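In this text, residue positions in the sequence shown follow full-length UniProt numbering: the first is 1, and each later residue adds one. Structure first, commentary second.
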Amino acid sequence: MLQEAVDALIDNGRRGRPVTGPGNRPLKSLSDMLKGKQGRFRQNLLGKRVDYSGRSVIVVGPELKFYQCGLPKKMALELFKPFVMDKLVKEGYAHNIKSAKSIVEKVKPEVWDVLEDVIKSHPVLLNRAPTLHRLGIQAFEPILVEGKAIKLHPLVCTAYNADFDGDQMAVHVPLSVEAQAEARFLMLSVNNILAPKDGSPITTPSQDMVLGCYYLTIEAQDGAKGTGMVFKDFNELLLAYYNKSVHLHALVKLKVTLEDGRSSLVESTVGRFIFNENIPQDLGFVDRKENPFALEVDFLADKKSLGKIIDKCFRKHGNTETAELLDYIKALGFKYSTLGGITVAVDDMSVPEEKKVFIAEAEAKVDKYEKAYRRGLISDEERYEKVIETWTETTDKVTDALMGGLDRLNNIYIMAHSGARGSKNQIRQLAGMRGLMANASGKTVEIPVKSNFREGLSVLEYFTSSHGARKGLADTAIRTAESGYLTRRLVDVSQDVIVREIDCGTEDTTEIYAIKEGNEVIEEIYDRIVGRYTIDPILNPETGEVIVEADSMIQEDEAETIVALGIEKIRIRTVLNCKTNHGVCSKCYGRNLATGKEVNIGEAVGIIAAQSIGEPGTQLTMRTFHTGGVAGADITQGLPRVEELFEARKPKGLAVITEVSGRVEIDETGKRKEVNVIPEEGETQTYVIPYGSRLKVKQGQMLEAGDPLTQGFINPHDIVRVNGVKGVQEYIVKEVQRVYRLQGVDVNDKHIEVIVRQMLSKVKVEDPGDTDLLPGGYEDVLTFNECNKDAIDKGLRPAVAKRVLLGITKASLATDSFLSAASFQETTRVLTEAAIKGKEDHLIGLKENVILGKLIPAGTGMKKYRNIAVEKIED
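So this is what it looks like as structure tokens:
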């Protein structure tokens, strides 16, 4: 039938059975050509293949400077071919391009000299897939190397998440002068020392570098060779060390002379003097007014301390000096981890004597619970929980005994304590006991593994362990895909959020306080206020003096003062209150975490927010925890919880919330539990508590509207209804932070705020009044307010609407740009609707412009920066 044929051509399989070709393969219809990952939008318009690029395996290049990478000669010649040919003609080696081409193809010796010249000031971009955040592409100055492998500086591995077990990386050559300038000033590795997600240094030394620095700065050892020697200057000390007259860990004295000629004897270990030789002595670890001669780093340099040193150097001296310091620490670390000769033998792990006693005690306890259960004194669930608790306690006891018995110079202890490799948890499995394992469904098996790897596991224990191991691998595979999809949705919802102006002039502030869970602080107030703007001045509550001026950014030292004074609540500007259309203003956003300075106009903060939340997503645990099959206690954590929040779904294990403020009265007389909330005025509200829910409130307790009555998660849509927009903004930020912080991942609030702002950016029109709006349609909040302002100015009736909370998928599809929505999901539906309504796309976001092959309207692509003319001041 003709109708069927046409249907199949337009969208095969939408109606009835798909029309199949040879081998039962459904034919590809016009719709299939557009939609999905292999469709026109995502395959060809959003991702393109580029010329002047190559890829190869990476190897480590410890001899490189921080801004360099090693590029194989053959690869460089191919990549820079047109430049080399041009130069050959200019230098007179060839008469025209054709002969230059044949010289390059024959690889004559002069080609290499010309290539060296061409490459000198021409940065290249290195990228490692998967590019989870913007540090997955950085620029380096190429150095020609023999062989066929790209050499990578060891300190940029963290940013790329690269290792040298066969990873490959891609090289791209920026062609135009503008592209080269951007690569050099914005993308050069030296300019990307801080991680955009929380502003901490991402280039901290790891593994062997940490080990070397730790070994070098170990505390003085009694009786070390040369203890008590005195040296007149650093060179004499080095000479003594090289001649083996003094040991690295010997306590010695050295005469330190300052620039102004004052000198004094300083006591420390030889290793620490060597470590401090090239480290700036003004980082602020030592108060120079009190002791001008003391060593800046007179403590054990483990991974955390090295991070602090780099952070302080960056804040004090900026990029270039920090890069030099990093190269210095890298060289020291490699050198002394080699000289230290730290190695591991079986005898480094001694099983603690007390282990047998602890295990016997635990077995007796478990036996007691077993008997109590058989007599019917406790339920099976209680017995299970008690058994698990006992074994967890025992494992901890064995671990403490083990760690306590380790010598401070024990090789394995050094590795774990320095942060180079391994953890307390792994040492426990080597010489303590492996402890409890989970089975495939994530439930803890109550028979623990009592042995460790030093003693060897029994067959049953080995079997129990293999459960958990397989679960771990399966989890990781699922997690990667889930987290990638989450990032994609986040990018889509926030891609048009760009810093558009300096100040939007809002008077609105948000009250900020430390996020707590019970008595445990999840996120300190310090982390939440640093680098944000105030509207009113912040005063010292005792003296009334101004700590932070009105309309200024809160710096680190000011935030420390605020914390020290015990001020618990502070009002600051946040993205959530920003009035800027199609973006945010620089004052509401505050500091750009990647540079530590104020954010520039044109910065694509939406994309950065999406990457900062998505990139650590892979580290979040996938599984829902089961703590004994208690109904309603299956708490969703990790990635599924983040997804639930951003999609604004009704959560699993829903809590009942009160809609009024008042006093609690619990009524358990009937068959079901009821909670009455009695307000001071107005009528009492009664809530029926569903079976299996646990109450969270006590008789007579005073509640605020929106407080939960039972355990579980609150439905964000209820919060919008009861506590309004501010309530739900606070709730989502707090809950997302909870998931990330409990996994030990630091993400700054402002990234989550950018996404939440996009989720709340629409209103649903209820009554259009005399405006052109459609009832039931979604409108942008700011557009809606402008429409109403116009109507009121003309004396017409304004429209009525209510704020809605949209999940990120819905918010992405509700965007004004049909190109962006079509390239995201439901391509055919979006395009047909756009065609019917005759929609226009004003090309405000980034995706729309990428699809059309235009420069993106962010950064240097903004109109504001496009027509800059360079004036010549002097020759």
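Beta carbons are placed, not taken as given, at the ideal position from N, Cα and C, and that holds for glycine. Just so it is clear, the structure is predicted and the values come from calculations on it, not from any experiment.
Under DSSP, the beta strand (DSSP E) around residue i begins and ends at which residues?
i: residue 520; result: 520-523
i: residue 571; result: 570-572
i: residue 168; result: 168-172
i: residue 778; result: 778-780
i: residue 142; result: 137-145
i: residue 383; result: Looking at the DSSP string, residue 383 is not in any beta strand (DSSP E); the run it does join, the alpha helix (DSSP H), is 380-405.
i: residue 432; result: From DSSP, residue 432 is part of no beta strand (DSSP E); its letter is neither H nor E.
Specify the secondary structure class of residue i as computed by DSSP and reduced to three states.
i: residue 559; result: helix
i: residue 515; result: strand
i: residue 504; result: coil
i: residue 533; result: strand
i: residue 185; result: helix
i: residue 299; result: coil
i: residue 691; result: coil
i: residue 629; result: Annotation note: pLDDT 37 at residue 629 (below 50); position unreliable, coordinate value reported separately. Coil at residue 629, not helix or strand.
i: residue 798; result: coil
i: residue 12; result: coil
i: residue 855; result: coil
i: residue 491; result: helix
i: residue 194; result: strand
i: residue 708; result: strand
i: residue 422; result: coil
i: residue 291; result: coil
i: residue 678; result: strand
i: residue 818; result: helix
i: residue 1; result: coil
i: residue 624; result: Because residue 624 sits at a pLDDT of 49, beneath the cut-off of 50, its placement in the model cannot be relied upon, and the following sentence gives the value as read from the coordinates. Residue 624 falls in the coil class under three-state DSSP.
i: residue 951; result: Any question about residue 951 goes unanswered here, given that the chain covers just 1 to 875.
With a threshold of 7 Å on Cβ separation, who are the neighbours of residue i within its own chain once the five nearest residues in sequence on each side are excluded?
i: residue 876; result: No statement about residue 876 is possible, as the shown extent of the chain runs from 1 to 875 and does not include it.
i: residue 225; result: 246, 247 and 250
i: residue 558; result: 547 and 548
i: residue 328; result: 278
i: residue 619; result: 743 and 745
i: residue 773; result: 765, 779, 787 and 799
i: residue 814; result: 762, 778 and 806
I'd like the list of long-range same chain contacts for residue i, defined as Cβ closer than 6 Å, with 5 residues on each side in sequence excluded.
i: residue 365; result: 390
i: residue 839; result: 818
i: residue 515; result: 522, 523, 734 and 737
i: residue 436; result: 391, 444 and 448
i: residue 684; result: 676 and 678
Where do the N-terminal and C-terminal ends of the alpha helix (DSSP H) with residue i fall, by residue?
i: residue 721; result: 716-742
i: residue 357; result: 355-374
i: residue 549; result: Segment: none, residue 549 is in no alpha helix (DSSP H) and carries neither H nor E.
i: residue 700; result: Neither: residue 700 is in no alpha helix (DSSP H) and is coded neither H nor E.
i: residue 319; result: 319-340
i: residue 497; result: Looking at the DSSP string, residue 497 is not in any alpha helix (DSSP H), and its letter there is neither H nor E.
i: residue 753; result: 749-759
i: residue 766; result: It is not in any alpha helix (DSSP H) - residue 766 instead sits in the beta strand (DSSP E) that spans 762-767.
Please return the same chain residues whose Cβ sits closer than 8 Å to the Cβ of residue i, not counting the five positions on each side in sequence.
i: residue 115; result: 73, 76, 77, 80, 84 and 144
i: residue 689; result: 656, 672, 673, 674, 675, 695, 709 and 710
i: residue 629; result: Note that residue 629 scores 37 on pLDDT, short of 50, meaning its location in the model is unreliable; the coordinates nonetheless yield the value given after this. Hits under 8 Å: 381 and 443.
i: residue 632; result: With a pLDDT of 37 at residue 632, under the threshold of 50, the modelled position of that residue is not reliable, and no figure is offered here.
i: residue 591; result: 199, 530, 531, 532, 553, 597, 598 and 599
Inter-stretch contact (C-beta, 8 Å, three-pair minimum) for the segment 178-198 and the segment 745-752: With the rule of 3 Cβ pairs closer than 8 Å, the segment 178-198 counts as touching the segment 745-752.
Stretch pair the segment 175-191 + the segment 576-583: three plus CB contacts closer than 8 Å: No, because fewer than three Cβ pairs between the segment 175-191 and the segment 576-583 fall closer than 8 Å, the two stretches do not touch.
Three CB pairs or more closer than 8 Å across the segment 91-111 and the segment 131-140: The segment 91-111, when compared against the segment 131-140, does not touch it at the 8 Å Cβ threshold.
Sequence ranges, beta strand (DSSP E) only - wholly within the segment 98-134, length at least 3: Here the runs fully enclosed are 124-127.
Three CB pairs or more closer than 8 Å across the segment 84-98 and the segment 162-179: Three or more beta-carbon pairs separated by less than 8 Å are not found between the segment 84-98 and the segment 162-179, which leaves the two stretches without contact.
Start-end ranges of the beta strand (DSSP E) lying completely within the segment 238-269, minimum 3 residues: Counting whole runs of 3 or more residues, the segment 238-269 contains the beta strand (DSSP E) stretches 251-257 and 263-269.
Complete alpha helix (DSSP H) runs within the segment 36-105 (minimum length 4 residues, chain order): Counting only runs of 4+ residues, the alpha helix (DSSP H) found wholly inside the segment 36-105 occupies 73-79 and 81-91, in chain order.
At least 3 beta-carbon pairs within less than 8 Å: the segment 299-308 vs the segment 404-422: These segments touch.
Contact the segment 523-533 vs the segment 835-849: 3+ CB pairs below 8 Å: Here the segment 523-533 does not lie against the segment 835-849, with fewer than 3 beta-carbon pairs under 8 Å apart.
Alpha helix (DSSP H) runs contained entirely in the segment 631-672, provided each spans 4 or more residues: For the segment 631-672, whole alpha helix (DSSP H) runs of length 4 or above, ordered along the chain, are 638-646.
Segment contact flag, the segment 446-463 with the segment 229-244, C-beta cutoff 8 Å, min 3 pairs: The segment 446-463 is not in contact with the segment 229-244.
The segment 325-345 contacting the segment 276-290, beta-carbon criterion three pairs below 8 Å: Touching, per the Cβ criterion.
Inter-stretch contact at 8 Å, needing at least 3 Cβ pairs: the segment 712-722 / the segment 567-575: Judged by Cβ distances under 8 Å, the segment 712-722 makes no contact with the segment 567-575, as fewer than three pairs qualify.
The segment 15-28 in contact with the segment 149-163 per 3-pair CB rule at 8 Å: For the pair of segments examined, the segment 15-28 was found not to touch the segment 149-163: the number of CB pairs separated by less than 8 Å stays below three.
Three-pair Cβ contact test at 8 Å for the segment 307-316 versus the segment 201-216: Between the segment 307-316 and the segment 201-216 there are three or more C-beta pairs closer than 8 Å, enough to call the two in contact.
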